[in-house]
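Inspection log for the structure reproduced underneath, given as structure tokens.
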Amino acid sequence: MTESLNSTLGTEKIIWNLADLYPGFDDPALAADLESHEAEAKEIRAGFAGRLAELDAAALLELVGRLEKLEAGLGRVATFAFLNFAVNTKNAEASAFMQKVREADSRVGKETVFFELEWNRVSRERAEQLLNDPLLAPYRHYLAGLRRYAPHLLSDAEETLLIEKAPAGRGSWTTLFDKVMGHLKFGPSGRSEEEVLSDLYLPDREQRRQAAAELTAGLNSQLHVLTHTFNTLLADKMIDDRLRRYPDWLSSMNLHNELRDQTVTTLIKAVTGRYDIPQRYYRLKRRLLGLEQLTDYDRYAPLPHLPTTTVPWEQCR
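Using my numbering, the letters of the sequence shown correspond one by one to residues 1 to 317.
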């Protein structure tokens, strides 16, 4: 959002209040919680690893409940870390803490990965007995869903290795992307990406054209880094799909979303088969804007003669 618009809306000093998670990096509870979560993960492994096949419903309920609580606690820390980083990607302390949390998450994952692996080795008959037990009703869908991943799991050693390497893997590349984009400045006035993008919604076409040119020039200045990052993430996805024996690049996400590949393929065909609808929309918009040709920087242009209302922050609240 531009400085002038921030001033108009009264949002200059509006930033996320994360106090509901933690007051700040110096909160002693942060370090204590991370230490507690890692200790709990080790206790869970010591108490249940290698025994899943022999657990009754009550014991499995205890295990799943503890894992759920552990994931929620670690997720709270991770959310705090990510949101602090997202507010200012130039903040070295926020970046370092987010990496620290990723490493802690990796250590926790290494201790608890046994659960998914062993649960998928439980016989179908025994699993059905447990899933039908009233005690496990709150977790029935979750437990049944985990077993759909059985064909795509690797060995214990391989899964552990992937978890240990995770902090230096895909997440690090996405963080690099966020940092590069956060440091980029666009145009002679050195504006941020958000400020430039907001100009694409202005009624003045020359301002929109200038914003698009500044955006393109800024991105081109780091094209080598951005392209390498994108290609590396694609290669990582390709290797992961191959190792886990997914038949299609969409299959892992479809499994996560509990959708059949054919369902998503049908949706894609339905959408791509009606590209004429957005084409008609943009032809209409070109006519309404009175343009001979609609360009990329005209897509978000407001229609002429429509009223523009600015709603200040205090009124929004």
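Using N, Cα and C, we set each Cβ at its ideal position, and we do this for glycine too.
Length at least 4, wholly inside the segment 40-125: the alpha helix (DSSP H) runs in chain order: 57-87, 92-112, 114-119
Within the segment 218-290, ranges of the alpha helix (DSSP H) (whole runs, at least 4 residues): Within the segment 218-290, the complete alpha helix (DSSP H) runs of at least 4 residues are 223-243, 251-256, 261-272, 276-289.
Buried or exposed by the 16-neighbour rule on C-beta atoms within 10 Å, applied to Lys110: buried
Closest residue to Ser192 among Val180, Thr229, Leu303 (Cα-Cα distance): The shortest C-alpha separation from Ser192 is found at Val180.
Local Cβ density within 10 Å of Tyr300, reported as buried at 16 or more and exposed below that: exposed
Cβ-based burial, Tyr246 [other Cβ within 10 Å; buried from 16]: Tyr246 comes out buried.
C-beta atoms of Leu250 and Val271 nearer than 8 Å: no
Host alpha helix (DSSP H) of Leu306 (start-end): Taken as a continuous stretch (DSSP letters only), Leu306 belongs to no alpha helix (DSSP H), as it is neither H nor E.
Selected residue, minimal CA-CA separation from Leu284, among Leu303, Glu214, Ile268: Leu303
Beta-carbon contacts of Leu9 that lie in its chain and below 6 Å, excluding the five residues immediately before and after: Low confidence applies here, because Leu9 scores a pLDDT of 49, under 50, leaving its location unreliable; read the following figure in that light. Excluding positions up to five away in sequence, the list reads Pro312, Trp313.
8 Å Cβ cutoff, Leu259 in contact with chain B: This model lacks chain B altogether, as it is built from one protein chain only.
For Val225, the nearest candidate out of Trp173, Gln262, Ala212, Gly190 (CA to CA): Out of Trp173, Gln262, Ala212, Gly190, the CA that lies nearest to the CA of Val225 is found in Trp173.
Enclosing alpha helix (DSSP H) for Leu176 [first to last residue]: Boundaries of the alpha helix (DSSP H) around Leu176: 170-183.
Which of helix, strand or coil DSSP assigns to Tyr297: helix
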